[in-house]
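Reviewing the structure listed below.
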Amino acid sequence: MIAEPDVTLTDYALAVECAVLARLVAGHGGAASGWFALFFAALGIGAAAGGTVHGFPGVLETTLWLAALLALGVGAWAATMAGVRIGLPASAARWVARGASLGLVLYAVTVTWISRDFALAIVGYLPAVVFLFAVFAWRYARDRAPGSGAAMAGLALTLAAAAVQHYRIAPPRLPLDHNALYHLVQAVALFLIYRGARQAEPLGR
Numbered sequence: 328m329i330a331e332p333d334v335t336l337t338d339y340a341l342a343v344e345c346a347v348l349a350r351l352v353a354g355h356g357g358a359a360s361g362w363f364a365l366f367f368a369a370l371g372i373g374a375a376a377g378g379t380v381h382g383f384p385g386v387l388e389t390t391l392w393l394a395a396l397l398a399l400g401v402g403a404w405a406a407t408m409a410g411v412r413i414g415l416p417a418s419a420a421r422w423v424a425r426g427a428s429l430g431l432v433l434y435a436v437t438v439t440w441i442s443r444d445f446a447l448a449i450v451g452y453l454p455a456v457v458f459l460f461a462v463f464a465w466r467y468a469r470d471r472a473p474g475s476g477a478a479m480a481g482l483a484l485t486l487a488a489a490a491v492q493h494y495r496i497a498p499p500r501l502p503l504d505h506n507a508l509y510h511l512v513q514a515v516a517l518f519l520i521y522r523g524a525r526q527a528e529p530l531g532r
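Going by this note's numbering, 504 is the number at position 177 of the sequence shown; the sequence numbering is gapless.
Below you can see the structure in the form of structure tokens.
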């Protein structure tokens, strides 16, 4: 018996979507495609692990929950590195990349030994979302770069999804709780981000 079927099934659906998007963007061959592929793959792993925790409590619960949190941290780091690759000159890119890597280490230490509250994952990836949004906004303003508008919409939806989860917003008269709705909104957001990622080229191209 699945403990939370709506949350579990939407989590698993999100994991499948992420696997497909990771494969598609990796096959595109763009300069930042590897980072975007890692972004989608990490989020997919986090969704699969999180879905198992929600649906089958007691089955490696502690280990899988930590894996989910760490995967989200890696996803945020990969998103930042993708933004660095397509939006910053080399001089600035080095400093931002180092800061993002240090942030990942601090986040990993925190969720491993201090607290495993999901709110930490949300707080941890918000800077990456804002940074990547700024990169795509700059690209759009500079030359209407293809896919930038879709990516910006997806990143804005990611923030909306975080608000749904944080404020526990659930649709009335539907068998979905706030976590399931969060997953559904995030699924749309990730597809839009993919549309931008597959067309993103480095600065100066």
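We put the beta carbon where it would ideally sit given N, CA and C, even for glycine.
Computed from a predicted model, the values in this text were never measured in an experiment.
*asked:* Tell me the rounded alpha-carbon separation between A524 and V438.
replied: Locating residue 524 in the sequence shown gives position 197, counting from the first residue. Locating residue 438 in the sequence shown gives position 111, counting from the first residue. One C-alpha to the other measures close to 29 Å.
With a cut-off of 8 Å on the beta carbons, I'd call P384 and A330 a contact; round off their distance for me.
-> Taking the first residue of the sequence shown as position 1, residue 384 is located at position 57. Taking the first residue of the sequence shown as position 1, residue 330 is located at position 3. Right, their Cβ atoms sit about 6 Å apart.
In whole angstroms, what is the alpha-carbon distance linking L447 and S418?
Your numbering for residue 447 matches position 120 in the sequence shown. Your numbering for residue 418 matches position 91 in the sequence shown. About 30 Å.
request  = Evaluate R532 with the Cβ neighbour count: other Cβ atoms within 10 Å of its Cβ, from every protein chain shown; 16 or more gives buried, anything less gives exposed.
outcome  = Here residue 532 refers to the residue found at position 205 of the sequence shown. Residue confidence for R532 is low, a pLDDT of 44 falling below 50, so the modelled location carries little weight and cannot support an answer.
Subject >> Cβ shell of M408 (< 7 Å), same chain only, five flanking positions each side left out >> reply: Here residue 408 refers to the residue found at position 81 of the sequence shown. So the list reads W362, A424, A427, once near-sequence residues are dropped.
On the premise that A374 lies in contact with L351, defined as a C-beta separation below 8 Å, what is that separation, rounded to the nearest angstrom?
-> As a working note, residue 351 is residue 24 in the sequence shown. As a working note, residue 374 is residue 47 in the sequence shown. Approximately 17 Å separates the beta-carbon atoms of L351 and A374; this is outside 8 Å, ruling out the contact.
Compare the C-alpha of F445 against each of Y509, L459, F458, A420 and name the closest.
-> On the sequence shown, position 118 is the one that residue 445 refers to. It is Y509 whose Cα lies nearest to the Cα of F445.
By Cβ distance below 7 Å, which residues in the same chain neighbour I520 in space, the five residues on each side in sequence not counted?
Within the sequence shown, the letter at position 193 stands for residue 520. Here the set comprises A478, G481, L482.
Cβ-Cβ separation, A435 to L391 (assumed contact under 8 Å), whole Å:
Within the sequence shown, residue 391 is the residue found at index 64, counting from 1. Within the sequence shown, residue 435 is the residue found at index 108, counting from 1. L391 to A435, Cβ: 16 Å. No contact.
By DSSP, does A369 sit in helix, in strand, or in coil? Within the sequence shown, the letter at position 42 stands for residue 369. Residue state, collapsed to three classes: helix.
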